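Have a look at the structure below, then the notes.
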Amino acid sequence: MTASEPTRYFPAPRLARFCSQCGASIRRGIPDDDNRERDICDHCGAIHYQNPRVVVGTLPRWQGKILLCRRAIEPRYDTWTLPAGFLELNESTVQGAERETLEESGACVEIGPLYTMVDLPHIGQVHVFYLADATDPELNPGQESLEARYFDLADIPWSELSFHSVSSTLRHYVEDSKRGVFPVRQYALKTPL
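Take the sequence shown: its position 59, counting from 1, is numbered 58 in numbering that gives the first Met the number 0, and each next residue is one higher.
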């Protein structure tokens, strides 16, 4: 797949068929005292909620350059991204961002302030990026990255970026770098690219 080919990048929320509490069949419906469809088990009464998933990552910097990783996985195989991934249970957003950065690039970073929080309601996700400073220039990308590389701001591969949340975060960073001020930004996007 190339970066320009249209495709559905994220699956719709899973519709369960069986209750995880008792194993009985479940149905879609609006529970009493609720206003949204849920998966409901009529046998044991369990209501199965689906909530947005949180993606955490960093915008790592080293001597004026930024770190990007070339994806070795779908969606958007062979495109550039900021190191990021799904938040795990029992970790903070900072811990998750640091872990994902190390896993995808091999970079050790000092996490800085929150930079962007991007709502993607159409795919049930929230993307959170922290500014970060690499502690040294060494990179050792993990299995989810084809390569990791530092880019001058003038050399960002804009046409080869993976997701709209990544490109919008980088656009803000380039503009903010001109002023030397990096405010926290929160916004919603309507498309994944």
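Ideal Cβ positions, reconstructed from N, Cα and C, are used throughout, including at glycine. Computed from a predicted structure; not experimentally measured.
Listed in chain order, the non-local C-beta contacts of P112 below 8 Å within the same chain comprise Y129, L130, F181 and V183, local neighbours out to five positions each way being set aside. Ranking P82, C21, V54 and G63 by CA distance to the CA of T100 puts P82 first. Closest by C-alpha distance to T115, out of E137, A71 and S166, is S166.
In terms of CA proximity to W61, R148 leads the group V53, R148, D154 and K189. Here the alpha carbon of G123 sits roughly 15 Å from the alpha carbon of R37. For L58, the closest C-alpha among the options S19, D33 and Y172 is that of Y172.
Between the C-alpha atoms of S161 and G141 there is a straight-line separation of about 18 Å. Within its own chain, the residues whose Cβ lies closer than 7 Å to the Cβ of H121, once the five positions on either side in sequence are excluded, are K189, listed in chain order. The alpha-carbon of A45 is positioned some 12 Å away from that of G28.
Here the C-alpha atom of C21 lies approximately 35 Å from the C-alpha atom of A96.
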